[in-house]
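Using my numbering, the letters of the sequence shown correspond one by one to residues 270 to 436. Backbone N, C-alpha and C fix where the C-beta goes; we use that ideal spot for every residue, glycine too. Remember, predicted model here, so these are calculated numbers, not experimental data.
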Amino acid sequence: MKMTLKPGHSSGFPVLRVLILVTGLALAACAWYAFAHWLHRDSEVTWFPPTSSCNLHIAPCSTMLGDKGRVTLHIQTNGRIEALEILPLDVKVDGLKATQVDIDFIGRDMDLGLHRFALTEQSPHHFQGQGQVGICTQTVMPWRARVILNTAEGKMGSWFDFDVIRS
270 MKMTLKPGHS SGFPVLRVLI LVTGLALAAC AWYAFAHWLH RDSEVTWFPP TSSCNLHIAP
330 CSTMLGDKGR VTLHIQTNGR IEALEILPLD VKVDGLKATQ VDIDFIGRDM DLGLHRFALT
390 EQSPHHFQGQ GQVGICTQTV MPWRARVILN TAEGKMGSWF DFDVIRS
């Protein structure tokens, strides 16, 4: 029995289909990367560096937002901030009126994706919510908690650095 192929059909490896698939996957990865950076855009946030060092594992951290006011972040833990653990977040704002507060957990040394958590206002100048840091790929993973306030004067924020030890 002799096999004949119709014109346009090949019995070989479908190279063109594999190349189309690889190109589609590469375009999807580029689109995801661009979208993730668009979500992280910070250009409209006025950043104020921390005014003192602190340890979020054991105590609240506080910093001045220029001469506008003060923001305090408390992550309520039992000793250490752990990866994938639900973290109660508590933010107090003094000296200015915030209409919304968000917390971003970002990797300091590598892009670990978007970990943004919106807090709800419990009383004037007091916001609460829950957040979570991602899984650690290193023995010690350096994180940054960015506190972003929406105010009548625009978005402003500061950050607090901490490390998570892989368990």
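By the CB criterion at 7 Å, ILE355 and GLN391 fall outside the cutoff.
CA-CA distance, THR389 to VAL416, rounds to 13 Å.
With at least 16 other beta carbons inside 10 angstroms of its own, GLY426 counts as buried. Counted as a single uninterrupted DSSP element, the beta strand (DSSP E) harbouring PRO411 occupies residues 409-420.
Taking a contact as a CB-CB distance under 8 Å, the pair PHE374 and HIS384 counts as one, their CB atoms being some 4 Å apart. Around the beta carbon of MET379, a 10 Å sphere encloses fewer than 16 other beta carbons of the protein chains shown; the residue is thus reported as exposed. Distance between LYS366 and HIS394, taken at the CA atoms: about 7 Å.
In the assembly as shown, LEU358 is a buried residue. Its beta-carbon has 16 or more other beta-carbons within 10 Å. Counting only runs that start and end inside the segment 316-400, there is no alpha helix (DSSP H) element of at least 4 residues.
DSSP places ILE434 in the uninterrupted beta strand (DSSP E) bounded by 423-434.
Per DSSP, reduced to three states, the secondary structure at VAL314 is strand.
The Cβ atoms of GLY364 and LEU381 do not sit closer than 7 Å to each other.
Comparing alpha carbon positions, the residue from GLY335, MET410, LEU294, PRO283 closest to ARG377 is MET410. Residues of the same chain with a CB within less than 8 Å of the CB of ALA297, apart from the 5 flanking positions on each side, do not exist. Closest by C-alpha distance to LEU334, out of ILE327, ALA414, PRO319, is PRO319. Cβ neighbours of SER436 within its own chain (closer than 7 Å, five residues either side excluded): GLU351.
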